[in-house]
Structure formats: structure tokens, C-alpha cells
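**Student:** Protein chains in written order, with the numbering used here: chain A, 1 to 233; chain B, 1001 to 1233. Note that beta-carbon positions come from the ideal geometry of N, C-alpha and C, so glycine has one too.
Number of protein chains: 2
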Amino acid sequence: MTPAARPSLIEIAPHTTRPSALPDHVYAVLKHRILSCAMKPDERLVEKKLCDELRVSRTPLREALNRLSHEELVAFQPHAGYRVAPITLDGFRNLIELRAIVEAQAAALAAERATPEDIAELRAFATLPYDPDDERGFVDYCRANARFHLRVVRTTHNSMLENIVMSALDLYQRPTYLRIGRQLDPKNPSAKHRAITEAIAKHDASAAHEVMLQHVRGGGERILAALKAANYH
Amino acid sequence: MTPAARPSLIEIAPHTTRPSALPDHVYAVLKHRILSCAMKPDERLVEKKLCDELRVSRTPLREALNRLSHEELVAFQPHAGYRVAPITLDGFRNLIELRAIVEAQAAALAAERATPEDIAELRAFATLPYDPDDERGFVDYCRANARFHLRVVRTTHNSMLENIVMSALDLYQRPTYLRIGRQLDPKNPSAKHRAITEAIAKHDASAAHEVMLQHVRGGGERILAALKAANYH
DNA sequence: AAAATTTAGCTTGTATACAAGTATACAATC
DNA sequence: GATTGTATACTTGTATACAAGCTAAATTTT
Chain A
1 MTPAARPSLI EIAPHTTRPS ALPDHVYAVL KHRILSCAMK PDERLVEKKL
51 CDELRVSRTP LREALNRLSH EELVAFQPHA GYRVAPITLD GFRNLIELRA
101 IVEAQAAALA AERATPEDIA ELRAFATLPY DPDDERGFVD YCRANARFHL
151 RVVRTTHNSM LENIVMSALD LYQRPTYLRI GRQLDPKNPS AKHRAITEAI
201 AKHDASAAHE VMLQHVRGGG ERILAALKAA NYH
Chain B
1001 MTPAARPSLI EIAPHTTRPS ALPDHVYAVL KHRILSCAMK PDERLVEKKL
1051 CDELRVSRTP LREALNRLSH EELVAFQPHA GYRVAPITLD GFRNLIELRA
1101 IVEAQAAALA AERATPEDIA ELRAFATLPY DPDDERGFVD YCRANARFHL
1151 RVVRTTHNSM LENIVMSALD LYQRPTYLRI GRQLDPKNPS AKHRAITEAI
1201 AKHDASAAHE VMLQHVRGGG ERILAALKAA NYH
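(1) At what residues does the beta strand (DSSP E) containing Ala1075 (chain B) begin and finish?
(2) Using a beta-carbon distance cut-off of less than 7 Å, what residues from the region 1098–1119 of chain B approach chain A?
(3) Is DSSP giving Leu1045 (chain B) helix, strand or coil here?
(4) When you compare the CB positions of Arg1067 (chain B) and His70 (chain A), do they come within less than 8 Å of one another, or not?
(5) In terms of residues, what are the limits of the beta strand (DSSP E) holding Tyr1130 (chain B)?
(6) Examine chain B for any beta-carbon lying closer than 8 Å to the beta-carbon of Leu161 (chain A), and answer yes or no.
(7) Taking the alpha carbon of Arg44 (chain A) as the reference point, which residue from A:Ser57, A:Val102, A:Leu30 has its own alpha carbon closest?
(8) Report the partner residues of Gly1081 (chain B) according to the DSSP bridge assignment.
(9) With a threshold of 8 Å between beta-carbons, can Arg1067 (chain B) be considered close to chain A, or not?
(10) Taking the alpha carbon of Ala108 (chain A) as the reference point, which residue from A:Leu65, A:Lys48, A:Leu54, A:Thr155 has its own alpha carbon closest?
(11) At least one CB of chain A closer than 8 Å to the CB of Ile1087 (chain B): is that the case?
(12) So with Cβ pairs under 8 Å, would you call Ile1010 (chain B) a contact of chain A?
(13) If we ignore side chains and look at the alpha-carbon of each, how far apart do Ile87 (chain A) and Tyr1130 (chain B) end up?
(14) In chain A, which residues lie with their C-beta within 7 Å of the C-beta of Ile1164 (chain B)?
(15) Taking the straight line between their C-alpha atoms, what separation do you get for Val84 (chain A) and Tyr232 (chain A)?
(16) Just reading off the alpha helix (DSSP H) that Asn1231 (chain B) is part of, what are its end residues?
(17) Find the residues of chain A that neighbour Asn1094 (chain B), judging by a C-beta separation of less than 7 Å, and give them in chain order.
(18) Going by other Cβ atoms of all chains shown within 10 Å of its Cβ, with 16 needed for buried, is Pro1116 (chain B) buried or exposed?
(19) Going straight from the alpha carbon of Asp1042 (chain B) to that of Gly218 (chain A), what length do you get?
(20) Flag Lys228 (chain A) as yes when its Cβ comes closer than 7 Å to any non-hydrogen atom of the ligand FAD, and as no otherwise.
(21) Return helix, strand or coil for Ile1196 (chain B), following the three-state DSSP convention.
(22) Determine the direct distance from the alpha carbon of Ala1064 (chain B) to that of Val74 (chain A), and round the result to whole angstroms.
(23) Counting only Cβ pairs nearer than 9 Å, list the residues of chain A close to Glu1063 (chain B).
(24) Pull up the CB-CB distance for Val1152 (chain B) and Glu1103 (chain B), whole angstroms please, since I reckon it's below 8 Å.
(25) Count the other CB atoms, across all protein chains shown, that sit within 10 Å of the CB of Ser206 (chain A); report buried if there are 16 or more and exposed otherwise.
(26) If I measure Cβ to Cβ from Cys37 (chain A) and keep anything under 7 Å in the same chain, skipping five residues before and after, which residues do I get?
(27) Starting from the C-beta of His79 (chain A), find all residues in its chain whose C-beta is less than 7 Å away, skip the five residues before and the five after it, and write them out in chain order.
(28) For Met39 (chain A), report the span of its alpha helix (DSSP H) as first-last.
(29) Leaving out five residues before and five after Arg194 (chain A) in sequence, what residues of the same chain have Cβ atoms less than 6 Å from its Cβ?
(30) Going by beta carbon distance, what residues of the same chain come within less than 6 Å of Ala1013 (chain B), once the five residues before and after it are set aside?
(31) Does DSSP put His1070 (chain B) in a helix, a strand or coil?
(32) Using a Cβ-Cβ cut-off of 7 Å (strictly less than) and excluding sequence neighbours within five positions of Leu50 (chain A), which residues of its own chain qualify?
(33) Considering Val1102 (chain B), what are the terminal residues of the alpha helix (DSSP H) in which it resides?
(34) If I measure Cβ to Cβ from Leu1171 (chain B) and keep anything under 6 Å in the same chain, skipping five residues before and after, which residues do I get?
(35) Looking only at its own chain, which residues have a Cβ that is under 6 Å from the Cβ of Thr197 (chain A), when we skip the five neighbours before and after it?
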């Protein structure tokens, strides 16, 4: 059966140059649910149920699940099914380390390569809307934050770095959305973003590297501490 | 039909925690063919033909092709099929840049974290068999080289870094196997490997970083020059 | 009562039929 | 002769039937 009325809103771009309508749609929907913790870590993902709900057959659904499992957003065991990937301290530490390495170096390369257009766009993206009391505002804030960080790597013109940072930011979203440590955010990161941007604008690679490094590590440490406090392992 | 007699040799490990026999097998076989250039860049991959040859139905085959396309080893266009991914100068430049960033930093972290066992294994892996005149010896050499580089990242105990370097080394193999620039290798890289190992043994992070950086860039530049000479774009 | 074992149900794994879209070859037209 | 339109063959996209394997509950045994 060709799906008649399916949820039509693609909320998250598929990160791929492989636009195959149905699997991409399912991928986007599931990914959004996982990242936003609408589907909780360790929750089971049963193919049949998701098929019925999304009005799709198992083939495109499985394609989406496979993709998610390779991105480590869902865990898989043969013949035992899929689960939403758990959030672990070690996993998050590794993630911070990865982001620190790649994004700091990307900022340095960006400083070497940025054109005036790059700099203008970075400036436009640097200042984030931030209203910790507003639920909706918090989501917007997260999106804007990711947009800035992606814009920095994009300035390197290295699509491989870009893809790695995209995946990393995705994985990073989950602990953030959990609201864990939300209120611990001491100040709006816009200041750091502006500092990074100005270092890039001055083509000061080592400054860009240093500020980005501290920024990523700082944010990571805060969330890590909150995860520990919330008793994650 | 359950496949009765299929080629049984898995030549390349699947890089994943997702051991599902048939798709993994197909993935491994195709990947080996692509990396070894038995299947040439831009060659078309028609599902039916591969199914008949590998004695597998389309479902597991497509799962393997999807994985390969996300790893950028095969290119895909909706309704138009799969092709072996082309080798491009820009792609290779990006790859070198990625390896340089991640592996250099990984070497530094390895220097901070290496245990005596790590160091012993690194020493064992550092010296490579190298006989540029022997076809078989060349393949062994490539494998041993990858093994050393992987052992360095593994010392960081960061599985994300490990996965990235694994993929990167895979992509790197293809230009190497093309034999392009093979004879340009000025000397056996064992010396560099030993230098990296000794820096790690001394827990000298910045030396490890520096030597690895030069090593990766140097090797990359040589192959890049050869690709240019061979008129790749 | 606790442990082990069997069995029934459920979930995933694979194969295949059918639908939809694409490309190529051939013909008609400019 | 080049170009465009069209039909046909081929390839991929999706759905579904059936096989294989796991989980967990119920029954038996100690």
C-alpha cells in the first residue's frame, strides 16, 4: 500500500546526499524523536509498531533504523531488535573530546580561509536568542547554537569535517534536551561565539583555536557534571 | 532461498557492532573489491547482478550498499542506482586534512595515556615489512601500516576517534592500491613510526603530535602529487 | 519454593512480487 | 543533421509472505 496520509513535516535534514523520500522521512522523524528525548534512552523500537504508526512498510523503516544505528543513535542486537541508544558518561566524554579536537582545529582553518562573506554570516549567527525560562525559546537557542558551530566548520570547505561535526552536534543535543544542567548555564554563550568570530575575522588561527577549545570543553564539562549529578553511568 | 554455497571469506572486518551475518558479509566483500580497486571508480553496481553473483537476495545486498554509500565508498542517485565512488583531488585533500587533525591529536593523547602494554604493542607494530618489488608484499605493507595507525588511536580509548580513523584509513587505501605513486615512496615509513612510538613511550605529547602530523601530511602529499600527475580531478 | 526446561508467541531476517521511476534507442520533426 | 518526443526495457522503491531466532512465561523437576 502506498501511504495515504502520513505525517508530512520533515523536522530534521537528513545529513546526506541521498534523497530517497520515504526512508529519509522516517529517518528524520525518528531522529527528531530521539534527539528531543521524546523517545527515551533504552526505549525499545519495534518495527511493526513504528510501521503502523508511520504508515510505512518495513523496508524503508529498516533502512532508516540502520542509518540511525550506524550513527550510534540507536543500539542494535541481531534478532533482538533496536533500542534508543543509552546515554553514558564515557560516550559523552568521548564526544566532548572529539568535538574539542575537530572544532578547535576547524576554527583555526576557518581563520586562515574565511572570506568576507563567511565573516559576515558568522557575525550574524554568533549572537543567540536566549531565554532560559521559555520552553520554546530553549529549542530555538539550541538550533541557533548548532547553526553557529556548523557555520564555522563550513568555512573550512572540508565536507568530511563538516559531516563529523554534524553528527557530533546531533549526539550532543540529547543530553542538552534532557534539560539536565539547563539552569547551570552561567551565561549566554554568545560572548564566546563573538570572540571566536572576531578571531576568525582577524585571521588569527591560534586565537580561534584556543577560544573554540575552551568553549567546547567548558560547555561539555558543565553538562558532564550535570549528568553525573543525575546519576548517569 | 537460503544461499547454499556463497563465497565464504570475509576479508575486511565490518567496523560495526552490528553483526548480522549476510549483510555484513556482502558489505565486507564489496568493500574489499572497492578498496582494492578490483571494482574501479565510477563502475556501476547493479543490484540484480550482484545478487546473482553473491547468491543473496536484494534485501541484504541493499543494506550493504546503503552502508557503503554513507561511508562515501559508493555514490548513489535515487532511481538511478549505485556506482563506485570516484576518486577526486578535493576529496583526497579533505581526507588528508582530516587524518592530520585527528591522528596528530590522537598521538598526543596516546602519549598522555599509554600504558606499558600499549607501548610494547606499538613497538611491535612500528616496523613494517616493505618490499616494493613484490606485489603480495605491498598488500601486507599496507595492512601493517593501517594496523600501526589504528593502534595509536586505540591507545586513546576513545571509540569515536577510532571509528573516524578507521573510515579515513579505508578511504585512503584506494589511491594507495591504485599503485599510483607507489614507487615515489622515498623510504620505508618504519622510521617515522618508530619516532612516533618513542615519543609516546616518553609521554611527550607535543613531539608525538608533531611527528604524526608531518608523517600523515608527508605521505598524503606524495600520493596527492601522483594523483595530479595521473590526471585526476 | 527455587531452578531448570520446554514451549508458545513475538520479532527480526530474507526472499520475492509488484509498483514507480529512469534511461536508452528509435522515430518523427524541424 | 541535429533535436525533440515517445515507447520500451531495465533498475530501483516498496510491500509483504515466510523462515529463523530470541524472549519470556508456564510447566516440570529437584
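**Tutor:** Straight from the coordinates:
(1) Its beta strand (DSSP E) spans residues 1074–1077.
(2) Leu1098, Ile1101, Val1102, Gln1105
(3) strand
(4) yes
(5) Counting along the chain, no beta strand (DSSP E) covers Tyr1130 (chain B), and no H or E run does either.
(6) yes
(7) Of the listed residues, the one whose Cα sits closest to Arg44 (chain A) is A:Leu30.
(8) B:Gln1077
(9) Arg1067 (chain B) belongs to the set of residues whose beta carbon lies under 8 Å from a beta carbon in chain A.
(10) A:Thr155
(11) no
(12) Confidence in Ile1010 (chain B) is poor, its pLDDT being 31 and thus under 50, which makes the residue's placement unreliable; the coordinate value appears in the next sentence. No, Ile1010 (chain B) does not count as interfacial toward chain A.
(13) 44 Å
(14) Neighbours of Ile1164 (chain B) on chain A, chain order: Ile164.
(15) 16 Å
(16) Segment: none, Asn1231 (chain B) is in no alpha helix (DSSP H) and carries neither H nor E.
(17) Asn158, Ser159, Met160
(18) Counting the other Cβ atoms within 10 Å of the Cβ of Pro1116 (chain B) gives fewer than 16, which makes it exposed.
(19) Asp1042 (chain B) and Gly218 (chain A): Cα-Cα distance of roughly 45 Å.
(20) Because no ligand of any kind appears in the structure shown, any question about the ligand FAD cannot be addressed here.
(21) In this structure, Ile1196 (chain B) counts as helix in the three-state DSSP scheme.
(22) 18 Å
(23) Arg62, Glu63, Asn66
(24) 7 Å
(25) Ser206 (chain A) comes out exposed.
(26) Cβ neighbours of Cys37 (chain A) beyond the five flanking positions: Arg174, Tyr177, Leu178.
(27) none
(28) It is not in any alpha helix (DSSP H) - Met39 (chain A) carries neither H nor E in the DSSP assignment.
(29) Ala126
(30) Note that Ala1013 (chain B) scores 42 on pLDDT, short of 50, meaning its location in the model is unreliable and no value can be drawn from it.
(31) helix
(32) Leu61
(33) 1089–1113
(34) Leu1095
(35) Leu122, Arg123, Ala126
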